[in-house]
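Start counting the sequence shown at 1; every next residue gets the next number (my numbering). Yeah, the Cβ is synthetic: ideal placement off N, Cα and C, and Gly gets one too. Bear in mind the structure is a predicted one, so any value in this text is a computation, not a measurement. Since the structure comes first, as structure tokens, the remarks are kept for the end.
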Amino acid sequence: MTTERPTMSDAHTQPTTETNRDETACDGPTWYDLLGFQRDLLLVAVEVEGEELPKGLTLKRRLDDRYSDPINHGRLYTNLSELEEEGLIEKEDFDGRTNAYRVTDRGRELLPGHRDVITDSLAKLEIFVFENVVLDG
Numbered sequence: 001m002t003t004e005r006p007t008m009s010d011a012h013t014q015p016t017t018e019t020n021r022d023e024t025a026c027d028g029p030t031w032y033d034l035l036g037f038q039r040d041l042l043l044v045a046v047e048v049e050g051e052e053l054p055k056g057l058t059l060k061r062r063l064d065d066r067y068s069d070p071i072n073h074g075r076l077y078t079n080l081s082e083l084e085e086e087g088l089i090e091k092e093d094f095d096g097r098t099n100a101y102r103v104t105d106r107g108r109e110l111l112p113g114h115r116d117v118i119t120d121s122l123a124k125l126e127i128f129v130f131e132n133v134v135l136d137g
């Protein structure tokens, strides 16, 4: 049994009704307006909540575990400041020397849409693999 699968050119020219901005969302950046590093910062800041103090060095350590090159302090704090300016992260003074960074409600609003995109992509990948293994066998 074979099924018609769109070719790459078909998929590329298919009109889409999807947007990367929720019509009900307040003004501000979308997930895709952020730099990849800023997206990673948001995700890591959510991950550390409840586990340890979300200070800059904690976030840096988590990112260093994922990136092949060490994260430069200037890059880290510049991007944290930009996320704060966008209202996606808030900075709190912890002890006069250390700041903690927490994702705001506005920052959290961006995460479910990203999860849905990843889930949909993985589902399509599973279908693709299944069709290629089972149907083309």
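Less than 8 Å separating the beta-carbons of residue i and residue j?
{"i": "Lys55", "j": "Thr104", "result": "no"}
{"i": "Gly28", "j": "Glu86", "result": "yes"}
{"i": "Leu80", "j": "Arg106", "result": "no"}
{"i": "Glu90", "j": "Arg102", "result": "yes"}
{"i": "Leu35", "j": "Ala45", "result": "no"}
Helix, strand or coil, according to DSSP, for residue i in the structure here?
{"i": "Arg102", "result": "strand"}
{"i": "Asp95", "result": "coil"}
{"i": "Thr119", "result": "helix"}
{"i": "Glu49", "result": "coil"}
{"i": "Tyr32", "result": "helix"}
{"i": "Asp69", "result": "coil"}
For residue i, write down the residues that DSSP places opposite it in a beta bridge.
{"i": "Glu90", "result": "Arg102"}
{"i": "Lys55", "result": "Ala100"}
When every heavy atom of the ligand GTP is checked, does at least one fall within less than 7 Å of the C-beta of residue i?
{"i": "Ile89", "result": "Here there are no bound small molecules, and the ligand GTP is not part of this structure."}
Starting from residue i, trace the alpha helix (DSSP H) in both directions and tell me its first and last residue.
{"i": "Tyr77", "result": "His73 to Glu85"}
Between the stretch 43–52 and the stretch 67–75, do three or more beta carbon pairs fall short of 8 Å?
The stretch 43–52 makes no contact with the stretch 67–75; the number of CB pairs closer than 8 Å stays below 3.
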